[in-house]
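J.: Attaching a single structure in structure tokens format; questions to follow.
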Amino acid sequence: MKFKKIGSTYLIRLEKDERIIERLSGLCEKEKIKGGYFFGLGALSELELGHFNLATQKYSSKKFSGEYEVVSLNGNVSSLDGRIYIHAHIVVGDSEFQSWSGHLKEATVSATCEIYLIKLDEDVRRKRDEKTGLNLLDV
Amino acid sequence: MKFKKIGSTYLIRLEKDERIIERLSGLCEKEKIKGGYFFGLGALSELELGHFNLATQKYSSKKFSGEYEVVSLNGNVSSLDGRIYIHAHIVVGDSEFQSWSGHLKEATVSATCEIYLIKLDEDVRRKRDEKTGLNLLDV
Amino acid sequence: MKFKKIGSTYLIRLEKDERIIERLSGLCEKEKIKGGYFFGLGALSELELGHFNLATQKYSSKKFSGEYEVVSLNGNVSSLDGRIYIHAHIVVGDSEFQSWSGHLKEATVSATCEIYLIKLDEDVRRKRDEKTGLNLLDV
Numbered sequence: 015m016k017f018k019k020i021g022s023t024y025l026i027r028l029e030k031d032e033r034i035i036e037r038l039s040g041l042c043e044k045e046k047i048k049g050g051y052f053f054g055l056g057a058l059s060e061l062e063l064g065h066f067n068l069a070t071q072k073y074s075s076k077k078f079s080g081e082y083e084v085v086s087l088n089g090n091v092s093s094l095d096g097r098i099y100i101h102a103h104i105v106v107g108d109s110e111f112q113s114w115s116g117h118l119k120e121a122t123v124s125a126t127c128e129i130y131l132i133k134l135d136e137d138v139r140r141k142r143d144e145k146t147g148l149n150l151l152d153v
Numbered sequence: 015m016k017f018k019k020i021g022s023t024y025l026i027r028l029e030k031d032e033r034i035i036e037r038l039s040g041l042c043e044k045e046k047i048k049g050g051y052f053f054g055l056g057a058l059s060e061l062e063l064g065h066f067n068l069a070t071q072k073y074s075s076k077k078f079s080g081e082y083e084v085v086s087l088n089g090n091v092s093s094l095d096g097r098i099y100i101h102a103h104i105v106v107g108d109s110e111f112q113s114w115s116g117h118l119k120e121a122t123v124s125a126t127c128e129i130y131l132i133k134l135d136e137d138v139r140r141k142r143d144e145k146t147g148l149n150l151l152d153v
Numbered sequence: 015m016k017f018k019k020i021g022s023t024y025l026i027r028l029e030k031d032e033r034i035i036e037r038l039s040g041l042c043e044k045e046k047i048k049g050g051y052f053f054g055l056g057a058l059s060e061l062e063l064g065h066f067n068l069a070t071q072k073y074s075s076k077k078f079s080g081e082y083e084v085v086s087l088n089g090n091v092s093s094l095d096g097r098i099y100i101h102a103h104i105v106v107g108d109s110e111f112q113s114w115s116g117h118l119k120e121a122t123v124s125a126t127c128e129i130y131l132i133k134l135d136e137d138v139r140r141k142r143d144e145k146t147g148l149n150l151l152d153v
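Given below as structure tokens:
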């Protein structure tokens, strides 16, 4: 992972075999980013998508392996109990240009991944919500 | 709906049964946001997508009902004849991780929806265009 | 193409038959934008998507013709060897609300296309990488 900061925007480039959520979390820890949002595009070799079921309050998930373009990576940075929390959703395109979408559990970069993260001037927190079973944005 | 303002960015959390376009319009009215753009992710129980047909100058539409992840919500805020105008497009993922896309007519939140809206320093207007039948961005 | 600048954000409206990558490149040349990122929504009559194959280091591509909504256009602006470089990925929705995704080679606007481009305060460069065969973000 390489990055460069321009104003409050971080330009991040991930390299082959790096994991997106892991690397973003690490960067936010290191740079003390506790509030922000990001966008990305790139290419993946592996990913795991989640889909939330409100009745069971659980995520079902599916692993994808092959060559996928990251067509829309969209998420935000906050903290839960003092730890960095990355919440991201993603659309990927396969070799037939079909689209697969969901909550991003984790993904492994194949060729490259370019993420632009905008740091906010204040920290953002989450709190556990028993009614939905989710860690909601505490605004 | 809860929200928090950090600089010119509004962090918005919608709750179960709230409608996205209705709530965003209401917030923009209240906060006098007449120019901006936004991004979101979350989960829906209902949504209606539109697809514009240039020949008939009409939107066809389809209603979806079930459990959908909001994977990319992308839009802007302007005004038309003095009233707030929300223009949004959306990609949602179903429980098989398949993707459905279109112009967002309206959507109802299931568990939660997180929207980051950036307010611009000037108002943005739309004007009716007879040639296309659309309300075009007046730039 | 019409545009308006509000702070460091360009609001851009493309018109029927204009090509997105060509117009964005032209605007960035004219306005000396050598670092930035953008988002867009609109409608297209033609587009060509690419999918990168890491083994062959080549993009396969497919042309689409018909009526497509631009549901997520997501990209960044940099320069390579002094020339503007637009890197964009896109999700489009067809008349059945199905989604098609990939690297955006080029697209032709049908009714309208609204792009919000945020200019960064510093230039961003790319460099050729022999290992992947890609022009990587030089951060």
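Each protein sequence line maps, in turn, to chains A, B and C. Positions in the first sequence are counted from 1; adding 14 to them yields my numbering. Positions in the second sequence are counted from 1; adding 14 to them yields my numbering. Positions in the third sequence are counted from 1; adding 14 to them yields my numbering. For glycine and all other residues, C-beta sits at the position ideal for the given N, C-alpha and C. The model shown is predicted, which means the values in this text are computed figures rather than measured ones.
Here's the rule I'm using: 16 or more other beta-carbon atoms within 10 Å means buried, otherwise exposed. How should C/K16 be labelled?
T.: That one is exposed.
J.: At the 7 Å Cβ level, is C/F111 part of the contact set with chain B, yes or no?
T.: It does; some Cβ of chain B falls within 7 Å.
J.: Could you name the residues of the same chain whose beta carbon sits closer than 7 Å to that of B/G107, not counting the 5 residues immediately before and after it, in chain order?
T.: Excluding positions up to five away in sequence, the list reads Y82, E83, V85, S113.
J.: What in chain A is Cβ-close to B/F17, meaning under 8 Å?
T.: Those within 8 Å of B/F17 in chain A are V153.
J.: Given a limit of 8 Å on CB to CB distance, which residues of the stretch 38-62 of chain A reach chain B?
T.: Residues passing the 8 Å Cβ filter: G49, Y51, F53.
J.: Alpha carbon to alpha carbon, what distance is there between C/G80 and B/N67?
T.: Distance between the alpha carbons of B/N67 and C/G80 is about 10 Å.
J.: How many Å lie between C/H117 and B/K72 at the Cα?
T.: Rounded to whole angstroms, C/H117 to B/K72 spans 29 Å at the Cα level.
J.: Grouping DSSP H, G and I as helix and E and B as strand, with all else coil, what is A/E36?
T.: Note: A/E36 maps to helix in three-state DSSP.
J.: Quick one: residues in its chain with C-beta nearer than 6 Å to the C-beta of B/S59, no 5 flanking neighbours on either side, listed in chain order?
T.: Closer than 6 Å at Cβ, skipping near neighbours: T122, S124.
J.: Quick check: what's the CA-CA separation for A/L63 versus B/A57?
T.: Their backbone Cα atoms lie some 14 Å apart in a straight line.
J.: Express the C-alpha separation of A/R142 and C/I98 in angstroms, rounding to a whole number.
T.: The alpha-carbon atoms of C/I98 and A/R142 are separated by roughly 46 Å.
J.: Taking the Cβ atom as the reference point for each residue, do B/D137 and B/G54 lie within a distance shorter than 7 Å?
T.: Result no, Cβ atoms of B/D137 and B/G54 do not sit closer than 7 Å.
J.: So that I know if they touch, is there some Cβ in chain A lying closer than 7 Å to that of B/G64?
T.: False, the Cβ-Cβ gap to chain A never drops below 7 Å.
J.: The stretch 121-132 of chain A: which residues have C-beta closer than 7 Å to a C-beta of chain C, in chain order?
T.: Residues passing the 7 Å Cβ filter: S124, A125, T126, E128, Y130.
J.: Any idea which residues DSSP pairs C/G116 with across the strands?
T.: Paired residue(s): C/I104.
J.: DSSP puts C/G228 in a beta bridge; with which residues?
T.: No information on residue 228 of chain C is available, as it lies outside the stretch 15 to 153 that chain C covers here.
J.: To the nearest whole angstrom, what separates the beta carbons of B/I132 and B/T23, a pair I think is in contact under 8 Å?
T.: Right, the Cβ-Cβ distance comes to about 5 Å (below 8 Å), so this counts as a contact.
J.: Within a Cβ cutoff of 7 Å, which residues of the same chain sit near A/S75, ignoring the five residues on either side of it in sequence?
T.: Only E62, L63, G64, K119 meet the Cβ criterion.
J.: Out of A/Y51, A/R139, A/D95, state which residue places its alpha-carbon closest to the alpha-carbon of A/H103.
T.: Checked all of A/Y51, A/R139, A/D95; the closest Cα to A/H103 is A/Y51.
J.: Could you give the DSSP three-state label for C/K44: helix, strand or coil?
T.: It is helical.
J.: Going by DSSP, what residues sit across from C/T122 in a beta bridge?
T.: C/R33, C/E60, per the DSSP bridge assignment.
J.: With a threshold of 6 Å on Cβ separation, who are the neighbours of A/F78 within its own chain once the five nearest residues in sequence on each side are excluded?
T.: The residues are L61.
J.: Could you compute how far the alpha carbon of B/N12 sits from the alpha carbon of B/V153?
T.: Look at the range of chain B in this structure, 15 to 153, and you will see that residue 12 of chain B is not part of it.
J.: List the residues of chain C that A/T23 touches, going by C-beta distances under 7 Å, in chain order.
T.: Per Cβ cutoff of 7 Å: L134.
J.: Determine the DSSP secondary structure at B/S109, reduced to helix, strand or coil.
T.: Residue state, collapsed to three classes: coil.
J.: Taking Cβ to Cβ, would you say A/R33 is nearer than 7 Å to C/L151?
T.: No. Outside cutoff.
J.: Against chain A, does C/T146 count as a neighbour if the rule is that its beta carbon must be under 7 Å from one of theirs?
T.: So, interface residue.
J.: Given a cut-off of 7 Å, decide if B/R139 and B/S162 are closer than it, judged by their beta-carbon atoms.
T.: Nothing can be reported for residue 162 of chain B: it is not among the residues displayed for chain B, which extend from 15 to 153.
J.: Assuming the contact rule is C-beta atoms closer than 8 Å, C/L38 and C/Y130 should be a hit. Round their C-beta distance to whole Å, please.
T.: 12 Å between Cβ atoms; not a contact.
J.: Is the shortest distance between the beta-carbon of B/L94 and the beta-carbons of chain C less than 7 Å?
T.: No - not a single Cβ of chain C is within 7 Å of the one on B/L94.
J.: DSSP has A/K141 in a bridge; who is on the other side?
T.: DSSP output for A/K141 lists A/L150 as bridge partner(s).
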